[in-house]
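Just so we're on the same page, this note's numbering is the position in the sequence shown counted from 1, plus 47. The structure appears right after this line, and notes come after that.
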Amino acid sequence: MSFDAVTRESFLRRYAQGAALLRQAWDEVPVEARGWRPGDGRWSAHEVVVHCADSETYAATRIRLLLAEAEPLIVGYDETTWAHRFDYHASDPELALRLIETTRAHTAAMLDRLPEEAWGRVGRHTHSGPYSTDDWLRSYGEHLEIHAAQIRRNLAAWSSRHGGTQHGR
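This is the structure in structure tokens:
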């Protein structure tokens, strides 16, 4: 389903603002809470940020494939496997945040220059089948909002277990 111009513009704004939302959520987490996991198989705020960096770099490639190639194959990945294989806790979250901010800014600028006819292109996703530019925009327009909320839920859970509501660095 293709977006109308108003819906697309709304998702483009959300996409452009996502990195700032994630940074703000991260900055609210005390240093001692950043590596804390809220449960087995759940990610820490640190792991969430590094996941977002991996996801954003791949997302930037995905949209370029959709826009430039004829019927591109968009390969899915297992984010849990990536978190383990690439030892997210060993990664520098500040580098990850800067990568997210730069990748988002660069891609948002490119998207703002697209003519209307560029939208509506379709490739094939290995996990979900047909995958359009609007599918991409919906997914990544929300992606960092979802993870900023996840970080805040982690902080709330950590705070409730550690007797307070500590915020900031």
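The beta carbon of each residue, even a glycine, is placed where N, CA and C say it ideally should be.
- 8 Å or more divides the Cβ of residue 136 from the Cβ of residue 88.
- Relative to the Cα of residue 133, the nearest Cα in the group 142, 176, 157 and 101 belongs to 101.
- Note that the stretch 147-159 touches the stretch 95-111; at least 3 beta-carbon pairs, one per stretch, sit closer than 8 Å.
- Note: residue 120 is bridge-paired with 171 in the DSSP secondary-structure output.
- In this chain, the alpha helix (DSSP H) harbouring residue 65 covers 52-74.
- Contact between residue 166 and residue 181 holds, since their C-beta atoms are separated by about 7 Å, short of 8 Å.
- The beta carbon of residue 109 is closer than 7 Å to those of 121 and 183 in its chain, skipping five residues each way along the sequence.
- For residue 85, the secondary structure class from DSSP, reduced to helix, strand or coil, is coil.
- For residue 176, the pairing in a beta bridge is given by DSSP as 172.
- Only residues of its own chain outside the window of five on either side were considered, and among them 155, 158, 159, 184 and 188 have a CB closer than 8 Å to the CB of residue 59, listed in chain order.
- DSSP places residue 140 inside the alpha helix (DSSP H), whose first and last residues are 140-159.
- For residue 49, there is no enclosing alpha helix (DSSP H), since its DSSP letter is neither H nor E.
- Per the coordinates, the alpha-carbon of residue 207 lies some 51 Å from the alpha-carbon of residue 117.
- The residue from 55, 209, 94 and 179 with its alpha-carbon nearest to that of residue 128 is 94.
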